[in-house]
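Okay, so here's the structure we're looking at.
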Amino acid sequence: MPLPQKLDFSNEPVPLNNLLVQESLDKEIHTNVYWHSNTFFYLKRAARYFPIIEPILKENGVPDDFKYLAVIESGLINATSPSGAKGFWQFMSKTATGYDLEISEDVDERNHLVKSTLAACEYLKEGYKKFGSWTLAAASYNMGKAGLESQLIKQQVSNYYDVLLNAETARYVYRILAVKCIFESPQSYGFNFTSDDLYQPFKTKVISVDSTIVDLVEFAKMNQTNYKTLKVLNPWLINDKLEVKNGVVYQIEIPEKGTGLDVVSMDAYNK
Numbered sequence: 040m041p042l043p044q045k046l047d048f049s050n051e052p053v054p055l056n057n058l059l060v061q062e063s064l065d066k067e068i069h070t071n072v073y074w075h076s077n078t079f080f081y082l083k084r085a086a087r088y089f090p091i092i093e094p095i096l097k098e099n100g101v102p103d104d105f106k107y108l109a110v111i112e113s114g115l116i117n118a119t120s121p122s123g124a125k126g127f128w129q130f131m132s133k134t135a136t137g138y139d140l141e142i143s144e145d146v147d148e149r150n151h152l153v154k155s156t157l158a159a160c161e162y163l164k165e166g167y168k169k170f171g172s173w174t175l176a177a178a179s180y181n182m183g184k185a186g187l188e189s190q191l192i193k194q195q196v197s198n199y200y201d202v203l204l205n206a207e208t209a210r211y212v213y214r215i216l217a218v219k220c221i222f223e224s225p226q227s228y229g230f231n232f233t234s235d236d237l238y239q240p241f242k243t244k245v246i247s248v249d250s251t252i253v254d255l256v257e258f259a260k261m262n263q264t265n266y267k268t269l270k271v272l273n274p275w276l277i278n279d280k281l282e283v284k285n286g287v288v289y290q291i292e293i294p295e296k297g298t299g300l301d302v303v304s305m306d307a308y309n310k
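FYI, the numbering for the sequence shown is 40 to 310, going by the working numbering.
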């Protein structure tokens, strides 16, 4: 697999003249290429979800390359890790609530793509403010800011590529870089497809909800969709009801008609 002649992460050069850097990147590129089916699904999903993530990163002053961090964290699905981290950005519950993400009996905003991306932006900007490097901010997303700072001080270095870290964090930025290489030039790595092969964004409209929904199944029917589609479009709804407290307004997405998410059988909706 070819290594790029030049590479950067968030406009910070990757020292490809260093043999250890070369070999670490080479390993992660090979892993992604030979794990072909999973990487292909990442590419498919990116067409649907990057148009949501990219403008949020830009509006919040976070480099575009961080969209690849979401790819390696979750594969662009609302995953749940063995440790309990959830969502595209894999927030633990304690961290999530510290960034104003609601977690309750009915709601888990770690699974809300827009809100969790905003929270990730805040976390990453804090890392950049602390370390003065987006590369180190990315590493701190995996290791934690305190843990990374401790190792930098202990080893008397200031660069991700110079510090010895635990196995997971040592791979972390290289995994992001490998995904960036593949996504920016997929054909070079054997991924051949047309735009028709990719998953297109869902076309939805938003309903503002300021009162409790006792039954989301009935709510879905009232809005000419079904419970399954409602949950796919709003994975942050984690119960079959939604309690709405005074002064709170939730934005719930439902599909636009005729855009590929229509109910297959309308029999139950016409009774």
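Yeah, the Cβ is synthetic: ideal placement off N, Cα and C, and Gly gets one too.
Local conformation of residue i per DSSP, three classes
i, result
"L55", "coil"
"K284", "coil"
"V256", "helix"
"P294", "strand"
"K242", "coil"
"K106", "helix"
"L64", "helix"
"L42", "coil"
"F127", "coil"
"T70", "helix"
"T233", "coil"
"T119", "strand"
"H75", "helix"
Residue of the options minimising C-alpha distance to residue i
i, options, result
"R214", "Q61, N57, N99", "Q61"
"A185", "H151, G166, W74", "G166"
"D254", "V271, F241, L276", "L276"
"G297", "N77, L163, T264, Y138", "T264"
DSSP beta-bridge partners of residue i
i, result
"S247", "Q290"
"V303", "For V303, which the question treats as bridged, DSSP gives no partner whatsoever."
"D47", "P52"
"L276", "V146"
Beta-carbon proximity of residue i to residue j, cut-off 9 Å
i, j, result
"N57", "Y200", "yes"
"K311", "F48", "With the chain represented from 40 up to 310, any question about residue 311 goes unanswered, as that position is not in the structure."
"G123", "N117", "no"
"I291", "N273", "yes"
"L55", "P43", "yes"
"A209", "S63", "yes"
Touching by the beta-carbon criterion (3+ pairs, under 8 Å), the segment 231 to 239 and the segment 277 to 296
no
Are at least three pairs of beta-carbons, each pair with one atom in the segment 135 to 150 and one in the segment 263 to 277, less than 8 Å apart?
yes
So does the segment 76 to 95 actually touch the segment 103 to 112, counting three or more Cβ pairs closer than 8 Å?
yes
Could you say if the segment 146 to 162 and the segment 90 to 103 meet the contact criterion of at least three C-beta pairs nearer than 8 Å?
yes
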